[in-house]
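Chains as they are written, first to last, in this note's numbering: chain W, 35 to 515; chain E, 35 to 515. For glycine and all other residues, C-beta sits at the position ideal for the given N, C-alpha and C.
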């Protein structure tokens, strides 16, 4: 298979970090460097540090300039001030560098015309030298398989989700948020002002990247509108593609201009663009993460909005029913047969076997849970619902350090079997805002078995609503699962 | 001042707990009892346990029946099965008991006509004997000043918020949620099916209770509609009154019928009812808690929807601006003067002094924060905004065990001074879903100084939206602050 032009970014043979500082707390300081050193990039491939005022930083030799580094340097991470950036491009050209990530900010996004002109010149010179540029004004690359990261805290493990983000902060939120759910990345790119490497090309890269199954993007500008639309269409045709668009309000658009010099558009326009190309539009980071969970589990197959809810507490049931209704999810009455079968395991007092089912007061009948799961699963299979929303008891009581307990494994196996047999997805829903989230390890176990864990009944319902909308849009297109 | 008829509930001279179990994990088990014993109710006033099969539970003597307890018994907590409930009322009548809380469930809410009839008979007999009934099917009373609680985990400290809740679970959520914000209760009542003591009388009680400043209620049924409307009006006239109505969807209404045998109504009807009487309608527990925070701090005086946002990170700024716009909160451009003043403290690269202000990259200029707070406060005073939404740095780095640090105290003092001088409320907004909440102690400190801490920019904006709506509804009514 022919290599994609962006492969140079994701598989450098060596890296030079120019302008690295030894001062902790500074953005370009060791914390950023740790993203490479903590996971041992420098033990496998050359990592050159450039700082004329230091002989070593964190035990790694410093060179006075890029020219002084031994060749070849494939990729440069640059955090020198913007006034030194042009000179760095010239040095890199002489060194046959293939790509530069400009952490450096203070270009067009500053609102200053001179700085905008500087940015144009920077890109022009890099293009002339055949150097690809990530940024400026961004955090750059996270490639776990290559031990490259812009955060020391990102997971070392590789996965199948590709994150595209103009904002570095939101890339951090997405990668960390996925990690907290036990979901890992094939790669992530924060591309800031995006004057060379930008969303359209990144969507194309993700579409052809064999390690990527799901694509999630945070965009501010619409880039070169037509190119973005077409790349998004190509990507969404072959892989579930989730897009969160920032700057859809007047205040947000102003913020986007200050942040990445982006010209933002309205929510309506973007919504209709996503509809046209078969991408999912998330309205917040949380929704984007929920959708990743949705498409990576059996929930992606949800066929309609009728849910059986297994709730926890009467007041919880009532508010949860109201909350899911806000997203079009209904709770049809259960058949007499299903109610009778539930009644055998759920005592009358303090409980309910209607829908929502409230089985808070099982007393010592812990063994009732597997039976109840089977019964609601069968009700789903016989057409009483399209999805089961199950107040999660996973991870409770918590295993050591968040590891799954035997009970978690049994529950996951039971739910997986019911899902397989019945074809109705079952979602493990956390009790919500006031409870601790399910551990990363338990969520990972659930995901590996095709079971979605979502943070509240309302967000589970919203995910169902968005998945149904997306599937309707894709009608007639080839299946991507 | 004449005593309110419900005073008997809130100030019993002695309590008998009938049907208490020694089995941990059972709802009527020791956990429930600990609500009384953990805080030492039994060391100040008589606590009699009734269980014919035990001589003592948790070191407290058990009596075989209520009749065997020494007189007087003012208040009975009852968790015997429903078939024994009538007999208990007869025993209580002979003992001149003044109030009974029926934890016991399985009455009208079960959907069984016989059980509904049993409930009617129960209430009739209690009424005939002059006994007030809380419930059935509820958790009962939390009166911190009297060391009475239905949860061992509730705060021991008394406060000024009165919680009225049909649901026990949602009473737990409200009291715990307030506690997590450093806000305490004058009392809380979970009243379940509410066949005697119910919302209208509780609103009247709260309105006249001198220790109550704010009232927050979770309701399922509309009770006897007119009575509820009038009591709510009387309460909302004199104290900020927040109401969350469950069962406003079809599924929620069905759940409410199963839960507390309530006939629920639509969201629109309840919204218009709240508008008529000057109460605030919350749509979720979170919103109810946010509104309590709002009315207990300077935020209650917010005059309009124009905000200055002090954000944290460019991508965060963009999404936060979009999120607040969903609730009508706008971010007007700052004057050239204010921008110039900010620029002296906020370096250009990676930041913005427009609105939202992004001052993420202050590097070692920690001392810039107080100045920035002063500048945005002055901008508010000179008419550039109605409110300041300030990404909170309170509690970070965290003090020992969540205690406020010197830095927290300085920040709180600074914000309080700016609020006082400028008249523009400043909200400390947590970074959101992915960050740890501010500790109870730090939130308490902030509240004591009139400063609201809210969990996200979106929820801060939603609180502003609801407070503005409420103040518009109250136009012409006497001020209650």
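Checklist entry - Just curious, the beta strand (DSSP E) that residue 462 of chain E is in, first and last residue? => result 460-463
Checklist entry - Of the residues that make up the stretch 359-373 of chain E, which ones have a beta carbon closer than 7 Å to any beta carbon in chain W? => result 359, 364, 365
Checklist entry - If you draw a straight line from the alpha carbon of residue 208 of chain W to that of residue 340 of chain E, how long is it in whole angstroms? => result 30 Å
Checklist entry - In the stretch 176-264 of chain E, which residue ranges form an unbroken beta strand (DSSP E) of at least 3 residues, counting only runs that do not cross its ends? => result 192-199, 219-224, 248-253
Next on the checklist: According to DSSP, residue 486 of chain E sits in a beta bridge with which residue or residues?
Outcome noted: E:461
Checklist entry - How long is the line joining the alpha carbons of residue 398 of chain W and residue 149 of chain E, rounded to whole angstroms? => result Unreliable positioning characterises residue 398 of chain W in this predicted model, as indicated by a pLDDT of 46, which lies under 50. The coordinate reading is nonetheless provided below. Approximately 25 Å between the Cα atoms of the pair.
Next on the checklist: Suppose only complete runs of 3+ residues qualify. What are the beta strand (DSSP E) ranges in the stretch 305-392 of chain W, listed by chain order?
Outcome noted: 314-316, 341-345
Item to check | Which residues DSSP lists as bridging residue 270 of chain E, in chain order | outcome: Note: residue 270 of chain E sits in no beta bridge, so no partner.
Next on the checklist: Just to check my reading of the structure: residue 72 of chain E and residue 186 of chain E have Cβ atoms closer than 8 Å, yes? What is that Cβ distance to the nearest angstrom?
Outcome noted: 5 Å
Item to check | Proximity to residue 405 of chain W [Cα-Cα], best of W:329, W:344, W:493 | outcome: W:344
Checklist entry - What are the boundary residues of the alpha helix (DSSP H) that residue 293 of chain W is part of? => result 284-294
Checklist entry - Going by C-alpha distance, which of E:409, E:355, E:354 is nearest residue 379 of chain E? => result E:409
Item to check | Neighbouring residues, chain W, relative to residue 239 of chain E (Cβ below 9 Å) | outcome: Those within 9 Å of residue 239 of chain E in chain W number zero; the least Cβ separation is about 21 Å.
Checklist entry - the stretch 335-354 of chain W: which residues have C-beta closer than 9 Å to a C-beta of chain E, in chain order? => result 341, 343, 345, 346, 347, 348, 349, 350, 351, 352, 353, 354
Checklist entry - Between E:93, E:89, E:87, E:88, which lies nearest to residue 77 of chain E when the distance is taken from Cα to Cα? => result E:93
Checklist entry - What residue from W:348, W:360, W:403 has the CA that sits closest to residue 390 of chain W's CA? => result W:348
Checklist entry - Using the beta-carbon count (16 or more within 10 Å), is residue 493 of chain W buried or exposed? => result buried
Checklist entry - If you count every other CB in all the chains shown that lies within 10 Å of the CB of residue 290 of chain W, and 16 or more means buried, which is it? => result buried
Item to check | Contact residues within the stretch 283-312 of chain E, judged by C-beta distance below 9 Å to chain W | outcome: 283, 284, 285, 286, 287, 288, 289, 290, 291, 292, 293, 294, 296, 298, 301
Item to check | Reduced DSSP secondary structure (H/G/I, E/B, other) of residue 57 of chain E | outcome: coil
Item to check | 7 Å CB neighbourhood of residue 336 of chain W in its chain, flanking five on each side removed | outcome: 420, 421, 459, 498, 501, 502
Checklist entry - Among the residues of its own chain, which have a CB less than 7 Å from the CB of residue 68 of chain E, if the five just before and after it don't count? => result 186
Next on the checklist: Give me, in chain order, the residues of the same chain whose beta-carbon lies closer than 8 Å to that of residue 230 of chain E; leave out the 5 immediate sequence neighbours on both sides.
Outcome noted: 157, 160, 161, 166, 167, 168
Checklist entry - Can you give the beta carbon distance from residue 312 of chain W to residue 508 of chain W, rounded, assuming they're within the 8 Å contact cut? => result 5 Å
Checklist entry - Does the Cβ of residue 125 of chain W have 16 or more other Cβ atoms within 10 Å, making it buried, or fewer, making it exposed? => result buried
Item to check | Euclidean distance between Cα positions of residue 486 of chain W and residue 325 of chain E | outcome: 33 Å
Checklist entry - Considering only residues of the stretch 126-186 of chain W, which uninterrupted beta strand (DSSP E) runs meet the minimum length of 3 residues and lie entirely inside it, listed in chain order? => result 133-136, 166-168, 174-176
Item to check | Contacting positions in the stretch 193-204 of chain W - beta carbon closer than 9 Å to chain E | outcome: 199, 200, 201, 202, 203, 204
Next on the checklist: Taking 8 Å as the threshold (C-beta atoms), are residue 331 of chain E and residue 484 of chain E in contact?
Outcome noted: yes
Next on the checklist: According to DSSP, simplified to helix, strand and coil, what is residue 470 of chain E?
Outcome noted: coil
Checklist entry - For a contact meaning CB atoms closer than 7 Å, what does residue 252 of chain E contact in chain W? => result 349
Item to check | Closer than 8 Å to chain E by CB, residue 319 of chain W | outcome: yes
Checklist entry - residue 471 of chain E and residue 214 of chain E look like a contact to me (Cβ under 8 Å); what is the Cβ gap, rounded to whole Å? => result 7 Å
Checklist entry - Beta carbon of residue 462 of chain E, beta carbon of residue 428 of chain E: below 8 Å? => result yes
Item to check | Within-8 Å CB hit, residue 281 of chain W to chain E | outcome: yes
Checklist entry - What distance in whole Å lies between the Cβ atoms of residue 495 of chain E and residue 322 of chain E, which are believed to be in contact at a cut-off of 8 Å? => result Not a contact, Cβ separation roughly 17 Å.
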